[in-house]
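The block underneath contains the structure these notes are about, expressed in C-alpha cells.
Numbering (the working numbering), first residue to last: 3 to 678.
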C-alpha cells in the first residue's frame, strides 16, 4: 500500500507501476460506502467488460447469458442488487470475484490496482479479503494507494510505502521535464513545498505579471481546471469524480473531488442528483453521500443491501445504526433485524442484546416473521433455551386464520425446541398440530406449505434420532432434502444431506458416508455455503479416519479446525472439528492429544450433541490409558448430555460402551457447561 497525503503523487506512481503490465485499475469512489459492495462490484464489472455499471439487470444481459444459473444470480446480486430467494454465503460472492479476475487474467499474472483505497466500503473490504484468501497461490499482485492506513483497513498488514515531499533535486527534474525555465524553478519549488501536484499546477499557470500563490497551492489552483472546461467535459469530470472513474482530464476530476469534499451548493447538488439518477440506481445511491446522506432510511438501505449480500455482521451493525435515528416503530424492527443478523453470524451474545433492546423498545408480537427467523437461527446454533423464550413470546399472539404460515412455522419450531431439550411427547404434540396447520395452508399458499412440510419431515427425523430409530430418520431426511432442493432452498437441503452422512457414519457405514460428505462438500462449495462446507468436511475427515485413511482424514480435520478457529474459536464448526481431531488421535493411540482436543471441543460446544460426542472421546482416551473409572464418569456425562439434547442413537452407543465397566453408575451430575 502506497500511503501519502493529497498531491504527493500516489495516483501517478500507481499508473506508472501498472503501465506495461496487465492490470485492472480502479479509483475507489468517495461515496462507495453508500452502496455496500460498490468497489467489489466495480472490480467484477471491469473484469467482465461491463461498462458503465448502472445497476440495472437488463444491462448485464450480454454477460449473464454466458453464465450458469448460480453464477448469473450472484452476478445480478452483486452488480444490480437483484435479490436471491435466499441470501448467499459471502464466500460465494468472493468466489465470483476470483472467477472474474481469473477470466480477465486468462491464467497469467495480473495487477489489481486500487487508487484511494481509504474510501473502500466495508462490504467490499470483507468480500475482497475473502477473495484474496481464496486466490492464494495465484500470480496476482494487489497494489493500493491511501491517504492513511490504520489497523483494520483494507491491506493494513501489507507492505507499506510512505510517500514524502519531493527533494529539491527531484522537484528540479520534474520541472525540467515540463519545460519550465531555470529562472522560474526556484520560486515554484519554494511555493510547492515538494508536492508534485502543486508543482504541476504552478507550472501550468501563466504567472507572468502575477504574484506567486501562497498557502495551499492545490486548493487555490486546482478548481480552475474545472471552471474552464466545456460543459460536456465538466459533466464527465463530475460523474467520474463521484463514481471513481478516470475522466477526460485527470486534473478536472481531482478538482471535482475537491468540491465534493468541501461541500456542494444547493443548486449544484440538485443538478448532480438529477444527473446521477439518469445514469442508474448505483450512481444515484453513491451520489447520496454528497446530497442526502443523512436521510433516516439511508442506514436501513445499507443494512438491507448487506443482508442480501450475506454479510450478517455488517448488516447487524447497519441495522443498529439505523435504529439510533429511526422512529420508534421502525427502531424496534431494526433492532429485531439486527438480532437476527447477529444470530446468523454466530454472535449469540450480541443477538440476545439486540433482541432485548427490541423488547425494551416495545417490539411485541407485531413482527412474527422476523421473530420466527430469529428463533430458527437460535435453534440451528444450539441455543434452545433462548429460542424457546422467543417462541413463547411470539406464539401466544398468532392467529391461525390471520397468519397461517407463521402459525404453522411456530408450531414446527416449538416441536424442534422440544426435541432439543429431550421432551419427545411434547415434540410429537407440537408436530401433530403443525401438520394440521400445514394441511390447511396448502389451500392458501402451496409453496409455503411444501417448505413447511419439509421442515416437519426434518423435525420428524430428529425425533427418530431421539428414539434411536436410524432407518426412520434416514427416510425423513431424504424426503426433506429432496423437497428443499426442489424448492431451491440449498442451505436447508445441504443441512439434511450432511445429517444423512452423519447417520451413515455413526451407523458403521463409513464408505457410504465418505461419498455423501464429498457430495455435500462439493455442493456447499459451489453454493458458497461456508457453514455447510465446514460441517461436510468435518464429517468427511471423520469418515476417512473411520475407514482407515487416517492420514488423509487427520489432515482434512486439522485444516478445518484451523479455518474455523480463524473465524471464531467458539463456533460450532470449531467444536465439531475438535471432536473429529480427538477421534483421529484415538485412532493413532495418542491418548493425551485426544484429551487436549476434547477440552477444546467442550470449551466451544454450544450443542449438547457435540458435547456428548466429546465425552465419548474422553472415555475412549481414558480406556486407552487403562483408567476405567475415569472412562465411566465420562460416559455417564456423555449419556446424560446426549439424553438432554435428544440424541437417542448416541445414548444407545454410550450405554453399550458403559455396560462392561464394573463401576457404579450413580456418579455426580454432569459438569459440562456449553459455550455461549
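We treat Cβ as the ideally placed atom computed from N, Cα and C, and that holds for glycine.
Neighbourhood of residue i by C-beta, 7 Å cutoff - its chain only, sequence neighbours within 5 removed
i, result
"residue 270", "none"
"residue 493", "88, 531 and 534"
"residue 651", "467, 470, 472 and 508"
"residue 408", "370, 371, 374 and 400"
"residue 324", "301, 302, 305 and 336"
"residue 462", "433 and 478"
"residue 127", "156"
"residue 447", "407"
"residue 76", "90, 94, 95 and 98"
N- and C-terminal bounds of the alpha helix (DSSP H) containing residue i
i, result
"residue 174", "170-179"
"residue 201", "198-206"
"residue 142", "Premise fails: residue 142 lies in the beta strand (DSSP E), 142-148, not in any alpha helix (DSSP H)."
"residue 622", "610-626"
"residue 598", "593-606"
"residue 120", "Element bounds for residue 120: n/a, residue is neither H nor E."
"residue 406", "406-422"
"residue 101", "92-107"
"residue 160", "Premise fails: residue 160 is in no alpha helix (DSSP H) and is neither H nor E."
"residue 351", "350-362"
"residue 261", "252-264"
"residue 518", "512-529"
"residue 371", "370-382"
"residue 194", "184-194"
"residue 238", "233-245"
Status (buried if at least 16 other CB within 10 Å, exposed otherwise) for residue i
i, result
"residue 370", "buried"
"residue 169", "exposed"
"residue 280", "exposed"
"residue 163", "exposed"
"residue 386", "buried"
"residue 184", "exposed"
"residue 278", "buried"
"residue 604", "buried"
"residue 101", "buried"
"residue 671", "For residue 671, the pLDDT reaches just 48, beneath the cut-off of 50, and the residue's location in the model is therefore unreliable, although a value from the coordinates is still provided. By the 10 Å Cβ count, residue 671 comes out exposed."
"residue 574", "buried"
"residue 1", "Shown here, the chain extends from 3 to 678; a query on residue 1 therefore has no answer."
"residue 647", "buried"
"residue 501", "buried"
"residue 152", "exposed"
"residue 117", "buried"
"residue 422", "buried"
Own chain residues within Cβ distance below 6 Å of residue i, not counting five before or after
i, result
"residue 12", "4, 6 and 147"
"residue 317", "305, 308, 309 and 343"
"residue 91", "312, 530, 531 and 532"
"residue 499", "483 and 522"
"residue 283", "57"
"residue 546", "554 and 555"
"residue 540", "562, 578, 579 and 582"
"residue 444", "451"
"residue 410", "436, 439, 440, 443 and 454"
"residue 34", "40, 41, 121 and 123"
Spatial neighbours of residue i in its chain, beta-carbon cut-off 8 Å, leaving aside the 5 residues before and after
i, result
"residue 653", "470, 641, 644 and 645"
"residue 81", "43, 46, 47, 52, 55, 57 and 62"
"residue 485", "452, 453, 455, 456 and 459"
"residue 78", "59, 62, 66 and 84"
"residue 490", "87 and 88"
"residue 260", "220, 221, 224 and 225"
"residue 558", "539, 542, 543 and 546"
"residue 655", "508 and 618"
Distance between beta carbons of residue j and residue i, contact taken as under 8 Å
i, j, result
"residue 350", "residue 373", "Their Cβ separation, rounded to whole angstroms, is 16 Å, which puts residue 350 and residue 373 out of contact at 8 Å."
"residue 437", "residue 458", "6 Å"
"residue 562", "residue 584", "Not really, about 13 Å apart at Cβ, beyond 8 Å."
"residue 608", "residue 352", "14 Å between Cβ atoms; not a contact."
"residue 288", "residue 31", "6 Å"
"residue 412", "residue 380", "The pair is not a contact, with the Cβ atoms about 14 Å apart (cut-off 8 Å)."
"residue 235", "residue 258", "Not quite, the Cβ-Cβ distance comes to about 11 Å (not below 8 Å), so this is no contact."
"residue 649", "residue 614", "6 Å"
"residue 177", "residue 187", "5 Å"
Residue range of the unbroken beta strand (DSSP E) whose run includes residue i
i, result
"residue 112", "112-117"
"residue 228", "Careful: residue 228 lies outside any beta strand (DSSP E), inside the alpha helix (DSSP H) at 226-229."
"residue 542", "From DSSP, residue 542 is part of no beta strand (DSSP E) but of the alpha helix (DSSP H) over 532-548."
"residue 28", "25-29"
Kindly provide the ranges of any alpha helix (DSSP H) runs that are 4 or more residues long and lie completely inside the region 456-497, ordered along the chain.
Complete alpha helix (DSSP H) runs here, min 4: 472-488.
Give, in chain order, every unbroken run of the alpha helix (DSSP H) that is at least 4 residues long and sits entirely within the region 271-318.
283-293 and 300-310
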